[in-house]
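**Q**
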Amino acid sequence: MPATNDVFTLTAEEEEEACTRALQLSCGAVLPMVLKVAIELGLLQIIVKAGPATPLSSEEIAAQLPSEHPESAAAWVDRILRLLAANKIVGCIVEAGADDRRSRKYCKAPICKYLTENEDGSLANLLLMHHDNVFLDLCNSVDTPGRLLFLLLWQDILSLLCLLLRCLLSIQASTK
C-alpha cells in the first residue's frame with residue numbers, strides 16, 4: 198500500500214477541511230449509511246489504489262468486486278458513487294461517449310485520505326461503529342436516565358477524539 202504522503206498532497210487548509218468533513222460524515226442518516234456500504238465493499242479503497250491520474254468507471258470498479266452479476270453491480274456502484282460525488286467524498290469526471298451518451302468516471306477526493314486504510318489508520322472504523330446494528334441497539338436499549346448519561350459520555354469521547362486528531366494534524370504540520 199502506498200504511503201499517504203505519496204498519494205495525498207494537501208495544504209493545511211485542505212487537510213483541516215477534509216478531516217472535519219470526515220468527522221461530520223460519521224453523524225448522519227442516508228449519506229453515512231451509503232458511505233458505510235461503500236467502505237464495506239471497498240469502493241473507496243479501489244479508487245485510491247488506482248492512483249490520482251486514473252479515474253475509474255463504475256463498470257471497472259464493479260469488475261473488481263466479488264459479484265455473480267457485475268453488470269447489475271455496476272449500476273448499483275454508480276448510484277452509490279454518484280451520491281458520494283455529490284457530497285465531495287469522491288471526484289466525478291463526466292465524459293461524452295461515442296454514442297452521445299455521457300459516462301462517469303470516479304477518482305479520489307481529499308477526504309478519501311481519512312476514509313481509507315493507510316499508515317495513520319482510518320476514520321472509517323468510527324463511521325462503521327456509529328452505524329453498526331449492535332451499537333445502535335445498545336443506544337436504544339439503555340433506559341432513559343442511563344441513556345442521557347451514555348450519550349453525554351459518548352459526546353465527550355467524540356470531543357476527545359476530535360481534539361486528539363487536531364493535535365496530530367498540528368504536529369504533522371509543524372514537522373513539515
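Residue numbers (our numbering): 198 to 373. Just so it is clear, CB atoms sit at the ideal spot from N, CA and C, and this is done for glycine as well.
I'd like the list of long-range same chain contacts for Lys305, defined as Cβ closer than 7 Å, with 5 residues on each side in sequence excluded.
**A** Ile244, Val245, Pro249, Val287, Gly288
**Q** Thinking C-alpha only, which one of Arg276, Asp275, Glu256 is nearest Pro267?
**A** Glu256
**Q** Report yes if the CB atom of Tyr303 is closer than 8 Å to the CB atom of Leu253, and no otherwise.
**A** yes
**Q** Please identify the residue among Ala209, Cys309, Leu220, Asp275 whose C-alpha is closest to the C-alpha of Gln242.
**A** It is Cys309.
**Q** So, are the CB atoms of Leu320 and Ile236 less than 8 Å apart?
**A** No, the pair does not count as a contact, with Cβ atoms beyond the cut-off.
**Q** Compare the beta carbon distance of Ala295 and Val274 with 8 Å and say whether it is the shorter of the two.
**A** For Ala295 and Val274, no; Cβs fall outside 8 Å.
**Q** Quick check on the DSSP output: the alpha helix (DSSP H) that includes Lys233 runs from which residue to which?
**A** 227-238
**Q** Under 8 Å Cβ to Cβ from Arg299, same chain only, skipping five residues before and after it: list those, please.
**A** Excluding positions up to five away in sequence, the list reads Val291, Glu292, Ala293.
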